[in-house]
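Q: Residue numbers (this note's numbering), protein chains in the order written: chain A, 83 to 199; chain B, 4 to 362. Note that the Cβ used here is the ideal one computed from N, Cα and C, for glycine as well. Predicted, not measured: the structure shown is a model, and the values here were computed from it.
Have a look at this one:
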């Protein structure tokens, strides 16, 4: 599905991501990235929405666990239509759907960042 | 079985040569028990030969009690996540004793774990991460365009990098040693992973990661590059590594990555809420202290300098909340215990910590 209310209404929203930790600290990479749904293909928007539902992103309890050595902590924000939420999740991410969602947001953020350069 | 309620002494404490004597000359009942015990030994050998790994639990205790202990060897398992964000990876691609696979990440992880195991056993007589033969597990090809490697409490996880800024994370042997050392620290001092204790945790991983590489290459202190993650940054990046123990703050200065933020002296200590309180930033200070101590002591860094740092990590005075100054005191104390009060080693360690402003 690429729409949230009606088939002819485009899905609106954005994904935000901030990464902390990792094997090293790079000042240039420690900033929040935002991906507007308007910049994404419909298939990408649909994948994000589907993964958010599978992970129960808007309903799940935020674990807030502390990252292990060199593991990353992801602060992921999603706004899809009228739903909006931000959660913090640390590696290793045990829920496969949440891990996939974070992976997709991370790669889309990086791709958008690369497009701007 | 030694754990059974009705345990029999023959299985637990007698060395093989005595068992052989009993098997030949004992009563029928004792002969039967002795023969059964002797039969266990070749079985153990076969099991161990097939896994080439440590045998723990009842069998290991029985062997140890019999004074029949084999030299520890690693038990490595490399898994492939196939680009999925899952660890452990779904497919086992190389087990202990298997030959090279031709997959660089798989073979580098396998060899790197072996080199790290060798440093800890041959230099410090430590049998794996937990000093009890813990298997060494790693997952490679984790996720897609994944620019990181980490220790998840049970295994090492390596990404392939994005190819733009980072190469595969198995490319640097010291990074593999670094990750495995996090497991050692977790089992020993348990240094809390934030602020100064976290930076110390990071520094100890850098120290032993570098020593793994130096030892494999047979380098003396003045031959080593003292870099962490050399080869990890692609040619597009203006930098040589993730960190420099010799000159913290000089590893990279790049338009995308930014400038290496590591200080090398307490005057430049960075107070921040990022990076768990700057664990990868302020680790530059104890890193340089180790570099200075090793250079002053000379020779191979894993010998005396490394032994001092390793024993300091195991020292009861190094605790979860130990800060730089606390660890400095422990290393000086260990140097004097190992090499004598007023020894060149103790002076080298003391002067190193003074040079970076910790004491």
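Output yes if chain A places a C-beta closer than 9 Å to the C-beta of residue 75 of chain B; else output no.
A: Not one chain A Cβ lies under 9 Å of residue 75 of chain B.
Q: Which residues in chain A sit within 8 Å of residue 196 of chain B, going by Cβ to Cβ distance?
A: What residue 196 of chain B touches in chain A: 148, 149, 150, 151.
Q: Got a sec? Which residues, its chain only, sit under 8 Å from residue 302 of chain B by beta carbon, not counting five neighbours each side?
A: Taken in chain order, the residues that qualify are 223, 224.
Q: Please determine, among B:299, B:110, B:145, the residue with the shortest C-alpha to C-alpha distance to residue 249 of chain B.
A: The shortest C-alpha separation from residue 249 of chain B is found at B:299.
Q: Alpha carbons only, please: which of A:109, A:108, A:175, A:116 is nearest the one belonging to residue 99 of chain A?
A: That would be A:116, whose Cα lies nearest to the Cα of residue 99 of chain A.
Q: For residue 349 of chain B, I'd like the list of residues in its chain whose CB is within less than 8 Å of its CB, leaving aside the five on either flank, ordered along the chain.
A: The answer, listed in chain order, is 335, 338, 339, 342, 343.
Q: Do you know offhand how far residue 188 of chain B's Cα is from residue 142 of chain B's?
A: Taking the straight line joining both Cα atoms gives about 20 Å.
Q: Among all the DSSP beta bridges, which residues are the ones paired with residue 162 of chain A?
A: A:95, A:165, per the DSSP bridge assignment.
Q: Going straight from the alpha carbon of residue 116 of chain B to that of residue 324 of chain B, what length do you get?
A: In a straight line, the C-alpha of residue 116 of chain B is about 29 Å away from that of residue 324 of chain B.
Q: If residue 232 of chain B and residue 246 of chain B are in contact, beta carbons under 8 Å, what's the gap, nearest whole angstrom?
A: Correct: roughly 7 Å between the Cβ atoms.
Q: Would residue 362 of chain B pass as a contact of residue 332 of chain B if the rule is Cβ separation under 9 Å?
A: Yes; because the gap between Cβ atoms is below 9 Å, this pair is in contact.
Q: Beta-carbon within less than 6 Å of residue 129 of chain B's beta-carbon, same chain only, minus the 5 sequence neighbours each way: which residues are those?
A: Taken in chain order, the residues that qualify are 123.
Q: Contact between the region 164-172 of chain B and the region 200-214 of chain B is defined here as three or more beta-carbon pairs at a separation below 8 Å; is this criterion met?
A: Touching, no, given that fewer than three Cβ pairs across the two stretches are closer than 8 Å.
Q: Is it the case that the Cβ atoms of residue 108 of chain A and residue 261 of chain B are separated by a distance below 9 Å?
A: Taking 9 Å as the Cβ cut-off, residue 108 of chain A and residue 261 of chain B qualify as a contacting pair.
Q: Name the residues in the region 246-257 of chain B whose C-beta lies less than 9 Å from a C-beta of chain A; which are they?
A: Listed in sequence order: 246, 254, 255, 257.
Q: Does residue 177 of chain B come out as helix, strand or coil in the three-state DSSP assignment?
A: It is helical.
Q: Straight-line CA distance for residue 347 of chain B to residue 292 of chain B?
A: In a straight line, the C-alpha of residue 347 of chain B is about 16 Å away from that of residue 292 of chain B.
Q: Starting from the C-beta of residue 96 of chain A, find all residues in its chain whose C-beta is less than 7 Å away, skip the five residues before and the five after it, and write them out in chain order.
A: Result list for residue 96 of chain A: 116, 117, 118, 119, 161, in chain order.
Q: I need the straight-line Cα distance from residue 270 of chain B to residue 360 of chain B, nearest angstrom please.
A: Roughly 7 Å separates the two Cα atoms.
Q: Should the region 275-284 of chain B be regarded as contacting the region 79-98 of chain B, the criterion being three or more beta carbon pairs within less than 8 Å?
A: Contact fails: fewer than three Cβ-Cβ distances are below 8 Å.
Q: Given a cut-off of 9 Å, decide if residue 327 of chain B and residue 289 of chain B are closer than it, judged by their beta-carbon atoms.
A: Yes, Cβ-Cβ distance for residue 289 of chain B and residue 327 of chain B is below 9 Å.
Q: Helix, strand or coil for residue 140 of chain B per DSSP?
A: Residue 140 of chain B falls in the strand class under three-state DSSP.
Q: What is the rounded straight-line gap between the Cα of residue 377 of chain B and the Cα of residue 170 of chain B?
A: With chain B covering 4 to 362 only, the question about residue 377 of chain B has no answer from this structure.
Q: Please name the residue or residues paired with residue 129 of chain B in a DSSP beta bridge.
A: Answer is none; residue 129 of chain B lacks a bridge partner.
Q: List the residues of chain A that residue 155 of chain B touches, going by C-beta distances under 8 Å, in chain order.
A: Those are 150, 153, 173, 174, listed as they occur along chain A.
Q: With DSSP as the reference, label residue 362 of chain B as helix, strand or coil.
A: Coil at residue 362 of chain B, not helix or strand.
Q: Output, in sequence order along the chain, the residues in the region 98-116 of chain A whose CB is closer than 7 Å to any CB in chain B.
A: For the region 98-116 of chain A, which is checked against every Cβ of chain B, the residues closer than 7 Å are 102, 103, 104, 105, 106, 107, 108, 109, 110, 111, 112.
Q: Starting from the Cα of residue 107 of chain B, find the closest Cα among B:144, B:137, B:251 and give me that residue.
A: Answer by Cα proximity: B:144.
Q: Could you check whether the Cβ of residue 127 of chain A sits closer than 9 Å to any Cβ belonging to chain B?
A: Not one chain B Cβ lies under 9 Å of residue 127 of chain A.
Q: Going by the beta-carbon positions, is the gap between residue 152 of chain A and residue 89 of chain B smaller than 9 Å?
A: The answer is no: Cβ separation not under 9 Å.
Q: I need the boundaries of the alpha helix (DSSP H) containing residue 293 of chain B, first residue and last residue.
A: Where residue 293 of chain B is concerned, the enclosing alpha helix (DSSP H) stretches over 287-300.
Q: Ignore the nearest five residues each way along the sequence and tell me which others in residue 137 of chain B's own chain have a CB closer than 6 Å to its CB.
A: Counting only Cβ-Cβ distances below 6 Å, and skipping sequence neighbours, we find 131.
Q: Under the rule that 16 or more other beta-carbon atoms within 10 Å means buried, what is residue 77 of chain B, buried or exposed?
A: Result: buried.
Q: Find out if the Cβ-Cβ distance for the pair residue 352 of chain B, residue 304 of chain B is shorter than 9 Å.
A: Cβ atoms of residue 352 of chain B and residue 304 of chain B: not closer than 9 Å.
Q: Taking residue 286 of chain B as the reference, which of B:112, B:192, B:252, B:85 has the closest Cα?
A: Comparing Cα-Cα distances from residue 286 of chain B to each of B:112, B:192, B:252, B:85, the minimum goes to B:252.
Q: Would you identify the three-state DSSP class for residue 159 of chain B, choosing helix, strand or coil?
A: Here residue 159 of chain B sits in strand by DSSP.
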